[in-house]
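Before any comments, here is the structure.
In our numbering, the protein residues as written are 6 to 193.
If you want it as structure tokens, here you go:
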């Protein structure tokens with residue numbers, strides 16, 4: 006499917022929100038896009054006694070020539086271990102040495118699919134928890150999924166929960182401004 010075809014499908018889709026020429030969110034068949042700015046590294050979610058933990062993945066090994074790789078586990082550097090904190094690196098090396106000592110085989114295609122599935126599950130659960138938090142904190146008046154950006158959601162919360170329907174505003178007249186200017190400049 007060409008990019009033009011996807012754009013046409015987005016334009017024809019009733020779930021797409023546009024802001025200018027930008028498509029903010031949309032549904033393409035069973036896929037729904039919504040963005041939360043948070044990585045899935047070191048994320049642990051517990052819901053209904055189900056624990057989901059992000060494992061180790063050799064991101065630097067993810068190259069075209071390795072997509073069907075089956076063999077020994079890639080080198081520790083392929084897991085970006087140098088960017089891990091001391092405790093995480095220690096845990097990783099323990100895990101890695103255990104895999105190597107058991108002669109475990111790495112099936113890259115299966116591992117990347119499993120990694121993606123865990124990422125999607127973590128993000129889905131995190132989004133639902135975030136939505137429930139916003140709903141509960143706004144007395145179920147604001148749904149985070151109705152907003153395209155965090156900024157627009159915050160404005161909706163402000164308008165819904167804090168902005169008063171009626172309020173008085175003191176309008177400053179030209180005379181008031183002239184007196185204030187004279188006073189500030191020392192000519193009052």
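Positions of the beta carbon are idealized from the N, C-alpha and C atoms, including for glycine.
Can you tell me whether residue i is helix, strand or coil according to DSSP?
i, result
"residue 75", "strand"
"residue 85", "coil"
"residue 94", "helix"
"residue 170", "coil"
So residue i packs on residue j, CB below 8 Å; how close in whole Å?
i, j, result
"residue 100", "residue 74", "About 19 Å; that fails the 8 Å criterion."
"residue 117", "residue 76", "The Cβ separation is near 15 Å, so there is no contact."
"residue 85", "residue 65", "6 Å"
"residue 165", "residue 153", "The pair is not a contact, with the Cβ atoms about 16 Å apart (cut-off 8 Å)."
Short of 7 Å in beta carbon distance, which residues of its chain neighbour residue i, apart from the five on each side in sequence? Order them along the chain.
i, result
"residue 50", "Only weak support exists for where residue 50 lies, its pLDDT of 49 falling under 50; the value from the coordinates is given anyway. Answer for residue 50: 57, 127, 130, 131, listed in chain order."
"residue 72", "113, 114"
"residue 149", "135, 136, 139, 158"
"residue 162", "143, 147"
Within a Cβ cutoff of 8 Å, which residues of the same chain sit near residue i, ignoring the five residues on either side of it in sequence?
i, result
"residue 89", "97"
"residue 82", "65"
Which residues does DSSP list as the beta-bridge partners of residue i?
i, result
"residue 111", "76"
Give the single residue among the options whose Cα lies nearest to the Cα of residue i.
i, options, result
"residue 105", "167, 80, 66", "80"
"residue 63", "141, 120, 160, 170", "120"
Whose C-beta lies closer than 6 Å to the C-beta of residue i among residues of the same chain, with five residues either side of it excluded?
i, result
"residue 78", "104, 111"
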